[in-house]
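A.B. asks:
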Amino acid sequence: MFTREKLIEALHRYHSDFSEERDFREAFLTLLQHPRCFFRDHMPGHITASAWIIDEQAEFILLTLHAKLNRWLQPGGHADGDEDVLAVALREVEEETGLKGVKPLQESVFDIDVHTIPARKDFPEHLHYDVRFLFRASREEPLIITSESHALAWKHVSDLPRVTANNDSMLRMAAKVKKLF
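Sequential numbering from 1 applies to the sequence shown in UniProt numbering.
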């Protein structure tokens with residue numbers, strides 16, 4: 001189980017070959033000093049958690065066509081006050097995909113990212129400090145599309161540059177999986 005303190009410890013131990021993540025780590029550590037950083041009303045940004053879900057052969061990634069952003073992304077969402085970011089990522093997977101058989105491949109942080117979310121209705125433009133975890137699931141398990149998605153699909157890793165419009169953070173996670181497997 002993650003707590004704020006355990007997340008801070010994990011980030012201090014976190015090593016990445018990608019220079020942008022070293023910068024993100026410092027931004028995360030600064031944000032984590034704020035008492036309400038796990039709440040979505042904390043501005044100019046807050047902690048979120050997401051799941052990079054691979055199939056058994058590590059050839060396909062489960063993505064959601066996000067309803068609000070209209071982009072293919074990994075499942076994830078707001079912590080809403082919950083400091084256990086691994087539990088948040090798992091909850092979001094179940095809520096957004098219906099998957100019950102998803103398993104964490106590691107309990108350590110897989111990837112971190114800081115990205116801008118455009119202004120919408122009651123929320124100004126803000127930052128998501130996203131903690132990502134690596135999961136495995138079966139492509140045979142049925143998927144359930146919710147109101148948060150226009151679609152769910154297992155995308156082959158070779159299709160990621162096209163379907164994600166060369167999203168650097170998603171290509172980074174794919175490169176990490178390739179290195180692991």
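For every residue, glycine included, the Cβ atom is placed at its ideal position computed from N, Cα and C. Computed from a predicted model, the values in this text were never measured in an experiment.
Cβ of Phe135 within 8 Å of Cβ of Lys103?
C.D. replies: Within the sequence shown, residue 135 is the residue found at index 135, counting from 1. Within the sequence shown, residue 103 is the residue found at index 103, counting from 1. A contact, by the Cβ cut-off of 8 Å.
A.B. asks: In whole angstroms, give me the CA-to-CA distance for Pro124 and Gly81.
C.D. replies: Along the sequence shown, one-based indexing puts residue 124 at 124. Along the sequence shown, one-based indexing puts residue 81 at 81. Rounded to the nearest angstrom, the two C-alpha atoms are 19 Å apart.
A.B. asks: Go through its chain and collect everything with a Cβ distance to Asp168's Cβ below 8 Å, but skip five positions before and after it.
C.D. replies: Translated into positions along the sequence shown, residue 168 becomes position 168. Same-chain partners within the cutoff: Glu20.
A.B. asks: Should Phe110 go down as buried or exposed, given a rule of 16 or more other Cβ atoms within 10 Å for buried?
C.D. replies: By 1-based counting over the sequence shown, the position of residue 110 is 110. Burial call: buried.
A.B. asks: How far does the beta strand (DSSP E) with Arg136 in it extend, from its first residue to its last?
C.D. replies: Here residue 136 is taken as the residue at index 136 of the sequence shown, counted from 1. Taken as a continuous stretch (DSSP letters only), the beta strand (DSSP E) holding Arg136 covers 126–136.
A.B. asks: Under 8 Å by Cβ, that's how I've got residue 184 and Arg139 pegged, so tell me the actual separation to the nearest angstrom.
C.D. replies: Beyond the ends of the chain as shown, which are 1 and 181, falls residue 184; an answer cannot be given.
A.B. asks: Quick check on DSSP: helix, strand or coil for Ser158?
C.D. replies: For the purposes of this step, residue 158 is taken as the residue at position 158 of the sequence shown. If DSSP states are grouped into helix, strand and coil, Ser158 belongs with the helices.
A.B. asks: Please return the same chain residues whose Cβ sits closer than 8 Å to the Cβ of Arg120, not counting the five positions on each side in sequence.
C.D. replies: In the sequence shown, residue 120 corresponds to position 120, counting from 1. If we look at Arg120 and ignore the five residues flanking it on each side, its Cβ neighbours are Lys68.
A.B. asks: Reducing DSSP to helix, strand and coil, say where Ile117 ends up.
C.D. replies: Here residue 117 refers to the residue found at position 117 when the sequence shown is read from its first residue. Here Ile117 sits in strand by DSSP.
A.B. asks: Beta carbon of Leu99, beta carbon of Ala137: below 8 Å?
C.D. replies: Residue 99 sits at position 99 when you count from the first residue of the sequence shown. Residue 137 sits at position 137 when you count from the first residue of the sequence shown. Yes, the Cβ-Cβ distance between Leu99 and Ala137 is below 8 Å.
A.B. asks: Taking the beta strand (DSSP E) that Leu65 belongs to, which residues open and close that run?
C.D. replies: For the purposes of this step, residue 65 is taken as the residue at position 65 of the sequence shown. Unbroken beta strand (DSSP E) run through Leu65: 60–66.
A.B. asks: For the segment 84–97 and the segment 41–49, state whether three or more C-beta atom pairs, one from each stretch, are separated by less than 8 Å.
C.D. replies: Yes, since at least three Cβ pairs between the segment 84–97 and the segment 41–49 fall closer than 8 Å, the two stretches touch.
A.B. asks: Who are the near neighbours of Leu62 in its chain, counting only those whose CB is closer than 6 Å to its CB and skipping five residues on each side?
C.D. replies: As a first step, residue 62 is located in the sequence shown; it is residue number 62 there, counting from the start. Counting only Cβ-Cβ distances below 6 Å, and skipping sequence neighbours, we find Ile53, Trp154.
A.B. asks: Have a look at Tyr14, Asn70, Arg71, Thr64 and flag the residue whose alpha-carbon is nearest the alpha-carbon of Thr97.
C.D. replies: For the purposes of this step, residue 97 is taken as the residue at position 97 of the sequence shown. For the residues Tyr14, Asn70, Arg71, Thr64, the minimum Cα distance to Thr97 belongs to Thr64.
A.B. asks: I need the straight-line Cα distance from Glu91 to Val177, nearest angstrom please.
C.D. replies: Residue 91 sits at position 91 when you count from the first residue of the sequence shown. Residue 177 sits at position 177 when you count from the first residue of the sequence shown. One point to set straight first is that residue 91 is Arg, not Glu, in the sequence displayed. Their Cα atoms are separated by approximately 22 Å.
A.B. asks: Are the CB atoms of Ile112 and Phe181 within a distance shorter than 8 Å?
C.D. replies: Here residue 181 is taken as the residue at index 181 of the sequence shown, counted from 1. Here residue 112 is taken as the residue at index 112 of the sequence shown, counted from 1. Result no, Cβ atoms of Phe181 and Ile112 do not sit closer than 8 Å.
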